[in-house]
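Our numbering puts the first residue of the sequence shown at 21, with every later residue one more than the last. No residue lacks a Cβ here, since even glycine has one placed at the ideal position from N, Cα and C.
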Amino acid sequence: MTKTIAINAGSSSLKWQLFEMPEEEVIAQGIVERIGLKDSIFTIKYDSGKKYNKVLDIPDHESAVNDLLEQLLRLNIIASYDEITGAGHRIVAGGEYFKESALVDEEALRKVEELGDFAPLHNPAEATVIRVFQKVLPKTTNVVVFDTSFHATMPKKNYLYSIPFEYYEKYRARKYGAHGTSHRYVSERAADMLGKPLAELKLITCHLGNGASITAVQGGKSVDTSMGFTPLAGVTMGTRSGDIDASLLPYLMKKLNLTDIKEMVDILNKKSGLLGISGISSDMRDLLDVESTNEMAATAIEIFVNRIQKYIAGYVAVMNGCDAIVFTAGIGENSVPIREKIIEGITWFGCKIDSEKNNVHGQERIISTDDSTMKVLLIPTNEELMIARDVERLK
Ligand code: ADP
21 MTKTIAINAG SSSLKWQLFE MPEEEVIAQG IVERIGLKDS IFTIKYDSGK
71 KYNKVLDIPD HESAVNDLLE QLLRLNIIAS YDEITGAGHR IVAGGEYFKE
121 SALVDEEALR KVEELGDFAP LHNPAEATVI RVFQKVLPKT TNVVVFDTSF
171 HATMPKKNYL YSIPFEYYEK YRARKYGAHG TSHRYVSERA ADMLGKPLAE
221 LKLITCHLGN GASITAVQGG KSVDTSMGFT PLAGVTMGTR SGDIDASLLP
271 YLMKKLNLTD IKEMVDILNK KSGLLGISGI SSDMRDLLDV ESTNEMAATA
321 IEIFVNRIQK YIAGYVAVMN GCDAIVFTAG IGENSVPIRE KIIEGITWFG
371 CKIDSEKNNV HGQERIISTD DSTMKVLLIP TNEELMIARD VERLK
């Protein structure tokens with residue numbers, strides 16, 4: 021029996037899924053939350069329906085991994101550590117160095133740490149978790165899978181900002197994008213669902229979760245994406261502003277008496293987007309619940325929809341066409357009205373939503389009408405499976 025674990029480590033959390041491979045069957049999954057804080061929460065779901073929950077103090081990522089592996093043994097999910105032959109680690113920033121997933125060796129690990137400049141909250145924690153895995157599971161093959169690498173195929177005209185070129189040359193200041201593993205997964209699924217080779221398709225993939233990004237995928241390759249140097253850019257998100265005019269920053273800092281630009285960027289990351297506009301919530305469900313009675317909730321939804329429509333239209337131009345739009349992630353998979361609002365405003369492109377087919381949550385399905393020339397697809401994302409597949413492929 022060989023098992024592969026897909027790890028998604030954040031600065032204070034560790035999400036994981038354990039797969040039986042090559043069957044691709046999820047045998048357990050869980051999350052450790054509040055690492056480094058008091059009362060960390062440890063959750064494991066296993067054996068189709070059983071749940072293990074514990075609140076304890078987990079001081080750091082090393083203890084989190086150790087506790088997790090011990091618990092897998094204790095709950096008989098694994099019989100020995102040797103069963104876990106592969107571990108795939110999601111890494112936020114791969115910069116220009118990692119153009120695809122890679123086997124972990126000392127050089128790769130050092131590079132992941134160095135790229136902490138681009139993702140200071142994530143890359144160092146992710147590297148720590150890999151080092152713990154190397155220590156506790158010395159026989160396991162570790163693979164790194166990057167949020168950015170799917171976008172490594174973007175042409176210069178789409179990844180360069182219109183700023184002095186030397187900033188790119190000297191400091192690698194450019195667009196990197198994010199959510200790459202999700203965009204890659206749904207693109208491959210879309211080709212299967214449409215019964216056409218990915219190489220022949222032009223797709224616009226919309227990953228709409230708390231973080232949201234839109235990608236133009238031509239011939240299976242990302243040619244443009246809405247997130248930028250960091251995940252702050254692009255469409256309106258739960259708490260992130262998406263695109264704004266950079267000149268607003270000094271203006272608002274003066275008005276708000278802020279002296280540290282980090283505080284301003286923090287506002288754009290954590291207090292903006294749906295939350296900032298509505299003043300109610302960053303959660304789309306909360307806004308939809310009060311849309312008919314609360315004007316600012318309705319406005320936040322309108323802005324969210326509008327920014328996505330503009331990106332879709334832009335990417336039709338970037339690829340000079342589009343065979344299908346794909347919706348995925350929390351909002352994309354579950355929100356019937358948001359999908360409908362987005363498509364109903366852009367029917368000029370030849371896409372028409374079928375309201376009966378669209379009345380579905382989290383299930384793979386073509387949701388456009390049969391005569392729609394640009395198809396609309398709902399595809400639940402599965403980044404963990406993509407990570408596990410990359411481990412299988414590389415190990
Ligand atoms: P994350 O980026 O944190 O992984 P998710 O992909 O889980 O986020 O998406 C979270 C978003 O999905 C939230 O805004 C939530 O409101 C939204 N969502 C989940 N279920 C629904 C639903 N039934 N209708 C509308 N929005 C939903």
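Give me, in chain order, the residues of the same chain whose beta-carbon lies closer than 7 Å to that of residue i; leave out the 5 immediate sequence neighbours on both sides.
{"i": "E45", "result": "F39"}
{"i": "K290", "result": "T259"}
{"i": "I98", "result": "K23, L92, I104"}
{"i": "T256", "result": "G262, G293, L294, I323, F324, R327"}
{"i": "K274", "result": "none"}
{"i": "V132", "result": "I111, N143, E146, A147, V164"}
{"i": "K159", "result": "D102"}
Short of 6 Å in beta carbon distance, which residues of its chain neighbour residue i, apart from the five on each side in sequence? Order them along the chain.
{"i": "N402", "result": "Y205"}
{"i": "G239", "result": "A219"}
{"i": "V411", "result": "T24, G106, G108, V163"}
{"i": "D309", "result": "none"}
{"i": "T161", "result": "G106, K415"}
{"i": "K74", "result": "F62"}
{"i": "G365", "result": "Q329"}
{"i": "D59", "result": "V75"}
{"i": "G352", "result": "C226, L228"}
{"i": "L398", "result": "F347, R385, I387"}
Give me the Cα-Cα distance between residue i and residue j, rounded to the nearest whole angstrom.
{"i": "P42", "j": "L157", "result": "20 Å"}
{"i": "G299", "j": "L95", "result": "44 Å"}
{"i": "E90", "j": "Y101", "result": "9 Å"}
{"i": "G350", "j": "R130", "result": "33 Å"}
{"i": "T173", "j": "L252", "result": "21 Å"}
{"i": "T148", "j": "S32", "result": "12 Å"}
{"i": "S202", "j": "L276", "result": "37 Å"}
{"i": "A318", "j": "I78", "result": "41 Å"}
{"i": "Y331", "j": "R409", "result": "30 Å"}
{"i": "A29", "j": "S182", "result": "34 Å"}
{"i": "I407", "j": "V346", "result": "20 Å"}
{"i": "H227", "j": "Q329", "result": "13 Å"}
{"i": "M247", "j": "A232", "result": "8 Å"}
{"i": "S388", "j": "I234", "result": "19 Å"}
{"i": "E360", "j": "E126", "result": "48 Å"}
{"i": "L123", "j": "K155", "result": "16 Å"}
{"i": "E315", "j": "M21", "result": "56 Å"}
{"i": "E189", "j": "P357", "result": "44 Å"}
{"i": "L268", "j": "D391", "result": "45 Å"}
{"i": "A210", "j": "Y271", "result": "44 Å"}
{"i": "E404", "j": "A266", "result": "35 Å"}
{"i": "W368", "j": "G69", "result": "46 Å"}
{"i": "F138", "j": "I264", "result": "20 Å"}
{"i": "Y187", "j": "R194", "result": "9 Å"}
For a test of the three-state rule: what should DSSP assign to residue i, helix, strand or coil?
{"i": "H109", "result": "strand"}
{"i": "I25", "result": "strand"}
{"i": "E186", "result": "helix"}
{"i": "N420", "result": "Residue 420 lies beyond the range of the chain shown here (21 to 415); nothing can be said about it."}
{"i": "I97", "result": "coil"}
{"i": "S388", "result": "strand"}
{"i": "L76", "result": "strand"}
{"i": "K176", "result": "helix"}
{"i": "L218", "result": "helix"}
{"i": "I332", "result": "helix"}
{"i": "L123", "result": "strand"}
{"i": "M316", "result": "helix"}
{"i": "I264", "result": "coil"}
{"i": "I321", "result": "helix"}
{"i": "I150", "result": "helix"}
For the alpha helix (DSSP H) containing residue i, name the first residue and the last one.
{"i": "V380", "result": "Premise fails: V380 is in no alpha helix (DSSP H) and is neither H nor E."}
{"i": "H203", "result": "200-214"}
{"i": "D244", "result": "Note, D244: premise wrong, no alpha helix (DSSP H); beta strand (DSSP E) at 241-245."}
{"i": "E161", "result": "What sits at residue 161 in the sequence shown is Thr, not Glu. Note, T161: premise wrong, no alpha helix (DSSP H); beta strand (DSSP E) at 161-166."}
{"i": "V285", "result": "281-290"}
{"i": "V411", "result": "403-414"}
{"i": "L398", "result": "L398 -> not in any alpha helix (DSSP H); beta strand (DSSP E) instead, spanning 395-398."}
{"i": "F118", "result": "F118 -> no alpha helix (DSSP H), and no H or E assigned at all."}
{"i": "N230", "result": "Segment: none, N230 is in no alpha helix (DSSP H) and carries neither H nor E."}
{"i": "L295", "result": "293-298"}
What is the residue span of the beta strand (DSSP E) that residue i lies within?
{"i": "T63", "result": "60-66"}
{"i": "A48", "result": "45-53"}
{"i": "V340", "result": "Checking the displayed sequence, the identity of residue 340 turns out to be Asn instead of Val. Premise fails: N340 is in no beta strand (DSSP E) and is neither H nor E."}
Look up residue i in the DSSP assignment and give the residues it is bridged to.
{"i": "I224", "result": "A236, I345"}
{"i": "L308", "result": "Its beta-bridge partners do not exist; DSSP assigns none."}
{"i": "W36", "result": "I27, G50"}
{"i": "M273", "result": "Paired residues: none, contrary to the question."}
{"i": "I104", "result": "K23"}
{"i": "K71", "result": "K65"}
{"i": "M41", "result": "T22"}
{"i": "I373", "result": "S388"}
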